[in-house]
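Mapping the sequence shown onto UniProt numbering, position 339 (from 1) lands on 339, and the numbers just tick up by one.
Note that CB positions come from ideal geometry on N, CA and C, so glycine has one too.
Below: one structure, written as structure tokens.
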Amino acid sequence: MISRDDVIDGYREILGREPENDLVIDHHRHFETRTDLFAALLQSDEFRGGFRTRFTSEKAITLDMLDEVALDFEKGNHDRWRGHSLSLPDWFDPTLDPWGTAYRDQMLKLWEAITNRSDYQPASNEDTPEIADLDATFRPAFYASGDTRFAGGQLMAMGHILMRSDIAAGQRVLEYGAGFGLTALSFGRLGAKVDTVDINPAFCRAVQTAADRYQVDLTPHVGEFGFNPAGIPNAYDLIFFYESFHHALDFAPLLPRLRDLLTPTGKVILAGEPIFDALCSDLPYLWGFRLDWENVAVMRIRGWLELGFQKNFLIGEFARAGFECAEHRDPNSHWAQVYEFRQRG
1 MISRDDVIDG YREILGREPE NDLVIDHHRH FETRTDLFAA LLQSDEFRGG FRTRFTSEKA
61 ITLDMLDEVA LDFEKGNHDR WRGHSLSLPD WFDPTLDPWG TAYRDQMLKL WEAITNRSDY
121 QPASNEDTPE IADLDATFRP AFYASGDTRF AGGQLMAMGH ILMRSDIAAG QRVLEYGAGF
181 GLTALSFGRL GAKVDTVDIN PAFCRAVQTA ADRYQVDLTP HVGEFGFNPA GIPNAYDLIF
241 FYESFHHALD FAPLLPRLRD LLTPTGKVIL AGEPIFDALC SDLPYLWGFR LDWENVAVMR
301 IRGWLELGFQ KNFLIGEFAR AGFECAEHRD PNSHWAQVYE FRQRG
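Set out below in structure tokens:
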């Protein structure tokens, strides 16, 4: 039996309003889990009937406009599309169970429509081959931009991850989707034993170059989310994702896998992730592709899988896997919003 707060959260999250009265709240408390309640509200006539009106942007993009939008993005013509969001195609059914296979399949169909590609494969569709030509030592990642504001926001995020990690020298750290691995390198320079996992071999070579230069215990591995470089369970004191978790299509089965990789006191940190406080035209579902114009333009150009998550939904998914969440906001950098997940019990 769920709590009153669960019912109120469900109404706010799915229907965008408060429950009418205490009788309505009590009536909905018979659900065993928040998941069951949310699924029922998604099936309601109120949600189904009001979805298009609530979540179609006044500045709407349609699928047949995406080549034009992508071209303007590449040219730097951003003002034209600022504030625009993609309108979901008529065939998209928002009432499907977001925990079900049909919903996942529908998201892949939407990915195909947005990217103009088929047969999503992480190894090929998430690739960034130009990384091989970049300087992995002296001006990697945001340093290559020459943009102090951008770099400052990224450095704040790195610092916030380090600060919330509670990692001491000698403990083990794992980063998924590490890219150049600048935060992982910082952990290594502080004395941690660090593994990184990335699907891109060029990024792994960049991490190895940095590890060799700084002579730290930092080892890159080519692999997907869930891969265990340690080779044994319960090895890591910290697993973290920075701007990478939103590429995990199969995040639900990944979460209990993370717990298996952690020591009994280990934890997970997410930072730099697109996590939303409420349904909106940019993310009108509990999880799925972000529909803001810049994101769909990047998806069209790159073929990447760019997800977003509603906060309560994502925290609930971690809770189902046995984690408790502490949210650490940062007023200066949206990349530095840290979600810290500790194991329950």
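Item	Value
Would DSSP call A136 helix, strand or coil?	coil
Please classify H160: does DSSP put it in a helix, a strand, or coil?	helix
Taking its Cβ as the centre, do 16 or more other Cβ atoms sit within 10 Å of M163, making it buried, or is it exposed?	exposed
CA-CA distance, N332 and M158?	13 Å
Determine the direct distance from the alpha carbon of L249 to that of A123, and round the result to whole angstroms.	13 Å
With which residues is F240 paired in a DSSP beta bridge?	E175, I269
Does the beta-carbon distance from V197 to Y176 come in below 9 Å?	yes
Hey, out of P94, V222, R302, D282, whose CA is closest to I293's CA?	For the record, residue 293 in the displayed sequence is Trp; it is not Ile. Among P94, V222, R302, D282, the Cα nearest to that of W293 is on D282.
How long is the line joining the alpha carbons of T56 and L96, rounded to whole angstroms?	18 Å
Determine the extent of the beta strand (DSSP E) in which C325 is found, giving its start and end residues.	323-328
On the DSSP bridge assignment, give the partners of H221 in chain order.	V197
Would you report the Cα separation of P94 and R259, rounded to the nearest angstrom?	31 Å
Taking the DSSP output, what are the residues bridged to L86?	I61
For W91, count the other beta carbons within 10 Å of its own beta carbon; 16 or more makes it buried, fewer makes it exposed. Which is it?	exposed
How is T263 classed by DSSP in three states: helix, strand or coil?	strand
Starting from W293, trace the alpha helix (DSSP H) in both directions and tell me its first and last residue.	293-302
To the nearest angstrom, how far is it from the Cα of I131 to the Cα of T137?	12 Å
Can the beta-carbon of G308 be found closer than 9 Å to that of P274?	yes
Quick check on the DSSP output: the beta strand (DSSP E) that includes R342 runs from which residue to which?	338-343
Note down the Cα distance separating Q121 from R104, rounded to an integer number of angstroms.	14 Å
Which residue or residues does DSSP assign as beta-bridge partners of F276?	Q310
Report yes if the CB atom of I14 is closer than 9 Å to the CB atom of L63, and no otherwise.	no
Helix, strand or coil: how does DSSP classify W99 here?	coil
As a quick exercise: from L86, Y242, N116, pick the residue whose alpha carbon is nearest that of E58.	L86
With DSSP collapsed to three states, give me the class of G288.	strand
Quick check on L185: does DSSP put it in helix, strand or coil?	helix
If you follow the alpha helix (DSSP H) that T35 is part of, which residue opens it and which one closes it?	34-42
Helix, strand or coil, according to DSSP, for L283 in the structure here?	strand
May I ask you to verify whether the stretch 237-254 touches the stretch 163-173, counting CB pairs closer than 8 Å and requiring at least 3?	yes
Which of the three DSSP states, helix, strand or coil, is assigned to M107?	helix
What is the rounded straight-line gap between the Cα of residue 398 and the Cα of F51?	Outside the shown range of the chain (1 to 345) lies residue 398, about which nothing can therefore be said.
Would S3 be called buried (16 or more neighbouring beta carbons within 10 Å of its own) or exposed?	exposed
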